[in-house]
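Enquirer: Read in order, the letters of the sequence shown are residues 138 to 282 in this note's numbering.
For reference, the structure I am asking about is given below.
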Amino acid sequence: MAMNLPSGRGRGRKAPMADINVTPLVDVMLVLLIIFMVTAPLLTAGVPVKLPDARAKALEQDQKPVSLSIDATGKLFVGEEEVSEAALPARLEQIASQKVGVETPQIFLRADRSLDYGRVMRVMGELNRAGLNRVALLTVGDESR
C-alpha cells in the first residue's frame, strides 16, 4: 500500500506567496494625487470676483503671493480679510516690510470686471507707493480661442 505524502515537489500543497501586490496601492495614490491637483487651485480664491478674460500664460512663482481682491461693490480684501480704504496704506506697508531676501512679496490683484478703471488704478497706486512693485493682475483664461 502506497501513501501519498506532501513532498513540496509538483503536486502537493503550494507554499503561501510572500510577495506584496503594490499595483492597487499605486492606483489609489495616483487617484488621490489627481484629486488634490484638481482641487488645490480652487481653494486659493476666497472672495467671489468676476475676473476678465485674457490669453496670457500662468506665472512661475517661488513663494506664496499675497492676494489683494476688490469685489463688485468696491470692498478691499487682503487674503480673505476685509480692509477699509483708509487702512489699506498701513496694511500694504506692513506687507512690504515682510521681504524675503531682497525681493518684495508678489501681489496678486484680483478685481471684478464691473469696477471702474480708476478704482483699480488707485489701489495700484497705493501698491506702488508702498514699494510693492511685483504686482500680477489675475484674469480668467479663455479656452475657446
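Every residue gets a Cβ at the ideal spot worked out from N, C-alpha and C, and that includes glycine.
Rounded to a whole number of angstroms, what is the C-alpha to C-alpha distance between Thr276 and Leu246?
Expert: The residue given as residue 276 occupies position 139 in the sequence shown. The residue given as residue 246 occupies position 109 in the sequence shown. So the alpha carbons of these two residues sit roughly 9 Å apart.
Enquirer: Report the three-state DSSP secondary structure of Asp253 (helix, strand or coil).
Expert: For this step, residue 253 is matched to residue 116 along the sequence shown. In this structure, Asp253 counts as coil in the three-state DSSP scheme.
Enquirer: In chain order, which continuous runs of the beta strand (DSSP E) of length 3 or greater are located wholly inside the region 200 to 235?
Expert: 203 to 207, 213 to 215 and 218 to 220
Enquirer: Thinking just about the alpha-carbon of each residue, which of Leu205, Ile172, Pro226 and Leu225 is nearest to the one in Gly216?
Expert: On the sequence shown, position 79 is the one that residue 216 refers to. Closest option to Gly216, Cα to Cα, is Leu205.
Enquirer: Could you spell out the range, first to last residue, of the alpha helix (DSSP H) harbouring Ile169?
Expert: Walking along the sequence shown from the start, residue 169 turns up at place 32. In the sequence on display, residue 169 carries Leu and not Ile. Run containing Leu169: Thr160 to Thr176, per the alpha helix (DSSP H) assignment.
Enquirer: Report the rounded CA-to-CA distance for Ala155 versus Val165, giving the unit in angstroms.
Expert: Within the sequence shown, residue 155 is the residue found at index 18, counting from 1. Within the sequence shown, residue 165 is the residue found at index 28, counting from 1. Rounded to the nearest angstrom, the two C-alpha atoms are 22 Å apart.
Enquirer: Comparing alpha-carbon positions, which option in Ala267, Phe173 and Met174 lies nearest Arg228?
Expert: Start at 1 with the first residue of the sequence shown, and residue 228 comes out as number 91. That would be Ala267, whose Cα lies nearest to the Cα of Arg228.
Enquirer: Would you kindly report the start and end of the unbroken beta strand (DSSP E) that includes Leu246?
Expert: The count along the sequence shown starts at 1 and reaches residue 246 at position 109. Leu246 -> beta strand (DSSP E) spans Ile244 to Ala248.
Enquirer: Helix, strand or coil, according to DSSP, for Leu188 in the structure here?
Expert: Taking the first residue of the sequence shown as 1, we reach residue 188 at position 51. Leu188 falls in the coil class under three-state DSSP.
Enquirer: Can you say whether Asp249 is buried or exposed, counting buried as having 16 or more other CB atoms within 10 angstroms of its CB?
Expert: Looking up residue 249 in the sequence shown gives position 112. Per the 10 Å Cβ criterion, buried.
Enquirer: With distance defined between alpha-carbon atoms, name the residue in Ala233, Ser221, Ser251 and Asp253 nearest to Ile244.
Expert: Along the sequence shown, read from residue 1 onward, the residue named residue 244 stands at position 107. Ranking the options by Cα distance to Ile244, first place goes to Ala233.
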